[in-house]
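Peer 1: Sharing a structure here in structure tokens format.
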Amino acid sequence: MNPTRHSTIRILGIDPGLRVTGFGVIEKTGNRLGYLTSGCIRTDAADALPSRLGAIHAGLAELLARYEPDQAVIEIVFVNVNPQSTLLLGQARGAAITTLVAGGLEVAEYTALQVKQAVVGNGHADKVQVQHMVRRLLSLPGDPSPDAADALACAITHAHGGQGLGALATRGFRMRNGRMIPAKGKEADR
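What follows is the structure, encoded as structure tokens:
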């Protein structure tokens with residue numbers, strides 16, 4: 002094997018939700034990240050819960066068949082103020098994890114704090130900051146939707162082992178107080 006060749010790993014990131022489940026697929030070759038696709042699986046609030054969970058399952062199963070990811074990652078969710086909402090979100094997350102595992106994938110998990118820290122450099126970053134950094138890191142023409150951006154951010158975090166921005170290819174930029182700014186001097190040459 003040529004030591005200068007890097008194998009490519011395809012990663013599916015999931016931001017679970019009963020109403021909207023965000024997804025994003027990236028490829029990692031060496032330290033380079035490439036964007037494949039992202040979007041949202043939406044369910045109809047008027048449908049019964051089993052139908053909505055089935056829609057999440059069907060949407061993710063289609064993604065697995067089409068993109069054949071090597072790895073999967075999903076955001077860990079915490080208790081909301083409303084216990085009923087938390088229960089529904091947990092069921093949507095369970096449907097997603099079950100689909101991924103049934104598809105033969107191991108599932109990594111990260112908290113929102115870990116994802117934001119890794120991608121933005123600030124665990125308390127807002128959704129706009131996450132969207133902006135995902136756009137920049139993947140060289141996208143515009144910001145992805147908030148749910149798709151969160152899923153892509155999960156995949157990016159996993160691609161770099163949950164590490165912070167030091168592992169990401171952000172040539173010419175650095176983070177300060179959770180914001181990306183142009184680097185100066187030797188930092189710009191990294």
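This note's numbering puts the last residue of the sequence shown at 191; the count rises by one with no breaks.
Cβ coordinates follow ideal geometry from the N, Cα and C atoms, glycine included.
Keep in mind that this is a model prediction, so the values were computed, not measured.
What is the DSSP secondary structure of Ser140, counted as helix, strand or coil?
Peer 2: coil
Peer 1: With DSSP collapsed to three states, give me the class of Gly55.
Peer 2: helix
Peer 1: According to the neighbour-count rule (16 or more other Cβ atoms, all chains shown, within 10 Å of its Cβ), is Asp151 buried or exposed?
Peer 2: buried
Peer 1: Under 8 Å by Cβ, that's how I've got Leu101 and Ala66 pegged, so tell me the actual separation to the nearest angstrom.
Peer 2: The pair is not a contact, with the Cβ atoms about 13 Å apart (cut-off 8 Å).
Peer 1: Just how far apart, CA to CA, sit Gly91 and Ser52?
Peer 2: 16 Å
Peer 1: Quick one: what does DSSP say Val131 is sitting in, helix, strand or coil?
Peer 2: Taken through DSSP and simplified to helix, strand or coil, Val131 comes out as helix.
Peer 1: Out of curiosity, what's the CA-to-CA distance linking Thr171 and Leu138?
Peer 2: Confidence in Thr171 is poor, its pLDDT being 38 and thus under 50, which makes the residue's placement unreliable; the coordinate value appears in the next sentence. C-alpha separation (whole angstroms): 7 Å.
Peer 1: Between which two residues does the alpha helix (DSSP H) containing Leu101 stretch?
Peer 2: Pro84 to Ala103
Peer 1: Could you work out which residue in Thr87, Leu37 and Ala160 is closest to Leu64 when comparing CA atoms only?
Peer 2: Leu37
Peer 1: In terms of residue numbering, what span does the beta strand (DSSP E) encompassing Thr44 cover?
Peer 2: From DSSP, Thr44 is part of no beta strand (DSSP E); its letter is neither H nor E.
Peer 1: Among Leu19, Asn83, Ile12 and Ile10, whose alpha-carbon lies nearest the alpha-carbon of Ala96?
Peer 2: Leu19
Peer 1: Compute the Euclidean distance between the alpha carbons of Leu141 and Val26, then round it to the nearest angstrom.
Peer 2: 13 Å
Peer 1: Tell me whether the beta-carbon of Ile193 lies closer than 8 Å to the beta-carbon of Gly14.
Peer 2: No information on residue 193 is available, as it lies outside the stretch 2 to 191 that the chain covers here.
Peer 1: Roughly how many angstroms lie between the CA atoms of Ser146 and Ala156, to the nearest whole one?
Peer 2: 15 Å
Peer 1: Which term fits Val82, buried or exposed, when burial requires 16 or more other beta carbons within 10 angstroms of its beta carbon?
Peer 2: exposed
Peer 1: Could you tell me how far apart the beta carbons of Leu114 and Gly124 are, in whole angstroms, since I believe they sit closer than 8 Å?
Peer 2: At roughly 4 Å, the Cβ-Cβ gap stays under 8 Å, so Leu114 and Gly124 are in contact.
Peer 1: Here's the rule I'm using: 16 or more other beta-carbon atoms within 10 Å means buried, otherwise exposed. How should Leu34 be labelled?
Peer 2: Leu34 should be labelled buried.
Peer 1: Report the rounded CA-to-CA distance for His161 versus Lys29, giving the unit in angstroms.
Peer 2: 9 Å
Peer 1: I think Phe24 touches Ala149, with their Cβ atoms under 8 Å apart; what is that distance to the nearest whole Å?
Peer 2: Your pair Phe24 and Ala149 checks out as a contact, with CB atoms roughly 7 Å apart and the cut at 8 Å.
Peer 1: Per the DSSP calculation, Arg11 is bridged to which residue(s)?
Peer 2: Arg11 is bridged by DSSP to Glu28.
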